[in-house]
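In what follows, a single structure is set out as structure tokens and then discussed.
In the working numbering, the protein residues as written are 634 to 718.
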């Protein structure tokens, strides 16, 4: 199973929704709060190709995108395969 990383802030409703989907599917993830972890926002922006909004979600080194992208990937039936690959 590939590691899932999600960059978040504590107050972001989209972050909460993305984490809920991952939890509901039983997918373990590492959460990095960009407001509490020094240098995390810079790392996130670099990894996400310049995207500055949260959440930014990665499966292994694959950039999934934000909350809407995660839900779209799941809706297309591709999230489980990506995580399992």
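Backbone N, C-alpha and C define an ideal beta-carbon position, used for all residues, glycine too.
The beta strand (DSSP E) spanning residue i covers which residue range?
i           : result
residue 667 : Careful: residue 667 lies outside any beta strand (DSSP E) and carries neither H nor E.
residue 637 : 637-641
residue 698 : 695-698
I think residue i touches residue j, with their Cβ atoms under 8 Å apart; what is that distance to the nearest whole Å?
i           : j           : result
residue 635 : residue 718 : 6 Å
residue 697 : residue 660 : About 11 Å; that fails the 8 Å criterion.
For residue i, tell me which candidate among the options has the shortest Cα-Cα distance.
i           : options            : result
residue 695 : 682, 686, 687      : 682
residue 666 : 648, 640, 703, 712 : 640
So, using beta-carbon positions, are residue i and residue j closer together than 8 Å?
i           : j           : result
residue 638 : residue 691 : yes
Would you mind reading off the limits of the alpha helix (DSSP H) that contains residue i?
i           : result
residue 692 : Not the alpha helix (DSSP H): residue 692 falls in the beta strand (DSSP E), residues 689-692.
residue 652 : 646-657
residue 717 : 712-717
If you draw a straight line from the C-alpha of residue i to the C-alpha of residue j, how long is it?
i           : j           : result
residue 650 : residue 701 : 9 Å
residue 670 : residue 687 : 14 Å
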